[in-house]
């Protein structure tokens, strides 16, 4: 049977006022019907009204529980996807480190065949771009930046007599990476320390 588009089909539209209307029912023709019978019918109506309210309340609670369940399930799926993305992208850190190491010595890098070098640089850019698409980026760190223990890991201290350099980055040893603001791996650095 086709549904009428103007007909409301949502149970949310059930109006409890209908139950109140039952209380207002008046019997026009009560002749021949005993007062006991009328009282019995009113009591049955009252009982049915209470059952309808209980069912409606139960249905509304179940619907709210189901809505909450759907939200929780969506949050769980989102978090699982984020964990999986972090795990997969973290597996590529060593590969990125190897690219960085190969290209870090400019003199040697410039001496290799230009076509080969351009191909490797293109592969590196593709891999980096793919990982950036998942939200993974390098932790930006330069020599002279202030040391930040949340983003940097100090592997060594370099003594200096310049108090302005204390607790700043002396050298970047290995790039750090973050994903959507969370540090996957801190940048490994050397930090200036004031001489005693």
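In our numbering, the protein residues as written are 7 to 202. The beta-carbon is built from N, C-alpha and C at its ideal position, and this holds for glycine as well. This one's a predicted model, so the numbers in the text were calculated from it and none came from an experiment.
Under 8 Å, with one C-beta from each stretch per pair, do the region 120-129 and the region 157-176 reach the 3-pair mark?
As far as the Cβ criterion goes, the region 120-129 does not touch the region 157-176, which means the pair count is below three.
Check the DSSP bridge columns for residue 180 and list the partner residues they point to.
Reading the chain shown from its first residue, position 174 is the one you call residue 180. Note: residue 180 sits in a beta bridge opposite 194.
Backbone CA spacing between residue 173 and residue 74 [nearest angstrom]:
One-based indexing of the chain shown puts residue 173 at position 167. One-based indexing of the chain shown puts residue 74 at position 68. Rounded to the nearest whole angstrom, the C-alpha separation of residue 173 and residue 74 is 49 Å.
Residue 130 and residue 95: beta carbons closer than 7 Å?
Taking the first residue of the chain shown as 1, we reach residue 130 at position 124. Taking the first residue of the chain shown as 1, we reach residue 95 at position 89. No, the Cβ-Cβ distance between residue 130 and residue 95 is not below 7 Å.
Rounded C-alpha distance that separates residue 56 from residue 40:
Looking up residue 56 in the chain shown gives position 50. Looking up residue 40 in the chain shown gives position 34. C-alpha separation (whole angstroms): 25 Å.
Terminal residues of the beta strand (DSSP E) in which residue 145 lies:
Numbered from its first residue, the chain shown carries residue 145 at position 139. Note, residue 145: beta strand (DSSP E), 142-145.
Within the same chain, show all residues whose beta-carbon is closer than 7 Å to that of residue 180, passing over the 5 residues directly before and after it, in chain order.
To locate residue 180, count along the chain shown from 1; it is residue 174. Only residues of its own chain outside the window of five on either side were considered, and among them 103, 193 and 194 have a CB closer than 7 Å to the CB of residue 180, listed in chain order.
Among the candidates 186, 200 and 144, whose CA atom is the shortest distance from the CA of residue 85?
Locating residue 85 in the chain shown gives position 79, where the first residue counts as 1. If you compare the alpha carbons of 186, 200 and 144 with that of residue 85, the shortest gap goes to 186.
Do residue 201 and residue 145 count as a contact pair if the criterion is CB distance below 7 Å?
Residue mapping note: residue 145 aligns to position 139 of the chain shown, counting from 1. Residue mapping note: residue 201 aligns to position 195 of the chain shown, counting from 1. In this structure, residue 145 sits away from residue 201, with a CB-CB distance that is not shorter than 7 Å.
Enclosing beta strand (DSSP E) for residue 201 [first to last residue]:
Here residue 201 corresponds to residue number 195 of the chain shown, with the count starting at 1. Careful: residue 201 lies outside any beta strand (DSSP E) and carries neither H nor E.
Considering residue 165, what are the terminal residues of the beta strand (DSSP E) in which it resides?
Along the chain shown, one-based indexing puts residue 165 at 159. Where residue 165 is concerned, the enclosing beta strand (DSSP E) stretches over 158-166.
Going by C-alpha distance, which of 106, 189, 198 and 58 is nearest residue 176?
Your numbering for residue 176 matches position 170 in the chain shown. When the alpha-carbon of residue 176 is set against those of 106, 189, 198 and 58, the nearest one is in 198.
Spell out whether any CB of chain C is found under 7 Å from the CB atom of residue 113.
Among the chains in the structure shown there is no chain C, since it carries only a single protein chain.
Rounded to the nearest angstrom, what separates residue 148 and residue 78 at their Cα positions?
Position 142 of the chain shown, counted from the first residue, corresponds to residue 148. Position 72 of the chain shown, counted from the first residue, corresponds to residue 78. Spanning the two alpha carbons is a distance of roughly 42 Å.
List the residues that DSSP assigns as beta-bridge partners of residue 174.
Position 168 of the chain shown, counted from the first residue, corresponds to residue 174. When beta bridges are read from the DSSP output, residue 174 appears opposite 152.
State the Cα-Cα distance for the pair residue 65 and residue 76, rounded to the nearest angstrom.
Mapped onto the chain shown, residue 65 falls at position 59. Mapped onto the chain shown, residue 76 falls at position 70. Whole-angstrom Cα-Cα distance: 16 Å.
Proximity below 7 Å, CB of residue 99 to CB of residue 191:
The residue given as residue 99 occupies position 93 in the chain shown. The residue given as residue 191 occupies position 185 in the chain shown. Taking 7 Å as the Cβ cut-off, residue 99 and residue 191 qualify as a contacting pair.
On the criterion of 16 or more Cβ atoms from any shown chain inside 10 Å, does residue 47 qualify as buried, or is it exposed?
Within the chain shown, residue 47 is the residue found at index 41, counting from 1. Under the 10 Å beta carbon count, residue 47 is surrounded by fewer than 16 other beta carbons and is classified as exposed.
Rounded to the nearest angstrom, how far is the Cβ of residue 127 from that of residue 162, given a contact under 8 Å?
For the purposes of this step, residue 127 is taken as residue 121 along the chain shown, with counting starting at 1. For the purposes of this step, residue 162 is taken as residue 156 along the chain shown, with counting starting at 1. In this structure residue 127 does not touch residue 162 by the C-beta definition: roughly 30 Å separates them, more than the 8 Å allowed.
Please list the terminal residues of the continuous alpha helix (DSSP H) segment that includes residue 187.
In the chain shown, the residue the question calls residue 187 occupies position 181. Taken as a continuous stretch (DSSP letters only), residue 187 belongs to no alpha helix (DSSP H), as it is neither H nor E.
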